[in-house]
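Peer 1: I have a structure I would like to understand better, so I am pasting it below and will then ask my questions one at a time.
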Amino acid sequence: MAESENTDSSMFHQPLLSETQPQSSENVEVLAPFPPAYHRGGLSKSCRCGVISCAIALIFLVASFVLLWPSKPQLSIVQLSLNGLGFHTVPSISLDVKLKLTVQVRNQDFYSIKYDWLNVTIDYRGQNLANATSEGGLVNARSSSYVNATLDVDAVEVLSDVVMLVEDVAAGEITLDTESKIGGKIIFFFFDLPLKATISCQVIANMTNETVSSQNCYPEVHL
Numbered sequence: 224m225a226e227s228e229n230t231d232s233s234m235f236h237q238p239l240l241s242e243t244q245p246q247s248s249e250n251v252e253v254l255a256p257f258p259p260a261y262h263r264g265g266l267s268k269s270c271r272c273g274v275i276s277c278a279i280a281l282i283f284l285v286a287s288f289v290l291l292w293p294s295k296p297q298l299s300i301v302q303l304s305l306n307g308l309g310f311h312t313v314p315s316i317s318l319d320v321k322l323k324l325t326v327q328v329r330n331q332d333f334y335s336i337k338y339d340w341l342n343v344t345i346d347y348r349g350q351n352l353a354n355a356t357s358e359g360g361l362v363n364a365r366s367s368s369y370v371n372a373t374l375d376v377d378a379v380e381v382l383s384d385v386v387m388l389v390e391d392v393a394a395g396e397i398t399l400d401t402e403s404k405i406g407g408k409i410i411f412f413f414f415d416l417p418l419k420a421t422i423s424c425q426v427i428a429n430m431t432n433e434t435v436s437s438q439n440c441y442p443e444v445h446l
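Residue numbering for the sequence shown follows this note's numbering, beginning at 224 and increasing consecutively.
Okay, structure coming up:
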């Protein structure tokens, strides 16, 4: 009987499972969701295409404007001849000069040039001997125009450098300076751009055969 009680007692006091079970040491990481792919570039694909298209169009516009901007026309003397050259000492020291010249206005652009006047002067050592004015005209696109002018100096008294004039005549050659000026405008779309062109020439005239021995010209154009 006592043995059975001891058995029951031992069974009653048998230790139970530990209430504190060891916990697992797993770490849980929470990952934040990535933003949508289309936000990474800052601008959408359609916006980027629009910006590139506008930049290309602007480049083409600037390039076209630069290429189409009018260039300076070319001014040259294509013919210069003496039809008379004389020297007088009575009643005063004077010169007779008859000079004919042809000015070429060459337009290389796709726009027309309208010139209002052509003025030609002839000087001897800084003293003006004569001047002539010709009427204006029109130079079409990609073409040339020729303007004729005649300077007739009839017994013009040389007031300065008389000694130099006598020496030049004795040497058989005198140096004359001519200046041809053109004033007008370039018709550029809806705009009229003012134009002034000048060509200066130094002419060496032969007193014996009354011809031009040589000439050096220097054009100058202002837009």
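Glycine included, each C-beta is placed from N, C-alpha and C at the ideal position.
Determine the extent of the beta strand (DSSP E) in which Val-379 is found, giving its start and end residues.
Peer 2: Note, Val-379: beta strand (DSSP E), 366-380.
Peer 1: Roughly how many angstroms separate the alpha carbons of Asp-346 and Val-426, rounded to a whole number?
Peer 2: One C-alpha to the other measures close to 10 Å.
Peer 1: Sort out for me which residues DSSP pairs Glu-390 with in a bridge.
Peer 2: In the DSSP output, where bridge partners are listed per residue, Glu-390 has none listed.
Peer 1: Please classify Asp-377 as buried or exposed, where buried requires at least 16 other C-beta atoms within 10 Å of its C-beta.
Peer 2: Its Cβ having fewer than 16 others within 10 Å, Asp-377 is exposed.
Peer 1: Just mark Asp-391 as buried or exposed, buried being the case when its beta carbon has 16 or more other beta carbons within 10 Å.
Peer 2: Classification for Asp-391: buried.
Peer 1: On the criterion of 16 or more Cβ atoms from any shown chain inside 10 Å, does Asn-330 qualify as buried, or is it exposed?
Peer 2: Counting Cβ neighbours within 10 Å, Asn-330 comes out buried, since at least 16 surround it.
Peer 1: Only counting the same chain, and skipping five residues up and downstream in sequence, which positions put a Cβ closer than 6 Å to that of Lys-479?
Peer 2: Since the displayed the chain opens at 224 and closes at 446, residue 479 lies outside it and no answer follows.
Peer 1: Just tell me which of Ser-276, Ile-275, Leu-308 has its CA closest to the CA of Val-435.
Peer 2: Nearest C-alpha to Val-435: Leu-308.
Peer 1: Between the alpha carbons of Ala-364 and Val-285, how many angstroms are there, rounded?
Peer 2: Computed Cα separation, rounded: 22 Å.
Peer 1: Pick helix, strand or coil for Ser-436, following the three-state DSSP scheme.
Peer 2: It is a strand residue.
Peer 1: Could you tell me which of Ser-304, Phe-310, Thr-344 sits nearest to Leu-352, measuring between CA atoms?
Peer 2: Looking at the Cα atoms, Thr-344 is the closest of the given residues.
Peer 1: Out of curiosity, what's the CA-to-CA distance linking Met-430 and Gly-395?
Peer 2: Taking the straight line from one Cα to the other gives about 5 Å.
Peer 1: Scan the segment 268-353 and note each continuous alpha helix (DSSP H) run of 4 residues or more that stays entirely inside, going in chain order.
Peer 2: You should have 268-291.
Peer 1: Taking the alpha-carbon of Cys-440 as reference, which of Asn-354, Ser-335, Asn-371, Val-326 has the nearest alpha-carbon?
Peer 2: Closest option to Cys-440, Cα to Cα, is Val-326.
Peer 1: Looking at Val-379 and Ser-317, is the spacing between their C-beta atoms short of 8 Å?
Peer 2: Contact: yes.
Peer 1: Report the residue from Leu-281, Leu-418, Val-301, His-311 whose alpha carbon sits nearest the alpha carbon of Val-389.
Peer 2: With distances taken between Cα atoms, Val-389 lies closest to His-311.
Peer 1: Give me the residue from Ile-405, Phe-333, Leu-324, Ala-420 with the minimum Cα distance to Gln-438.
Peer 2: Per the Cα distances, Leu-324.
Peer 1: If we ignore side chains and look at the alpha-carbon of each, how far apart do Ile-275 and Phe-412 end up?
Peer 2: Looking at the two C-alpha atoms, the distance is approximately 29 Å.
Peer 1: Is it buried or exposed for Ile-282, if we count other Cβ within 10 angstroms and need 16 for buried?
Peer 2: It is exposed - the Cβ of Ile-282 has fewer than 16 other Cβ atoms within 10 Å.
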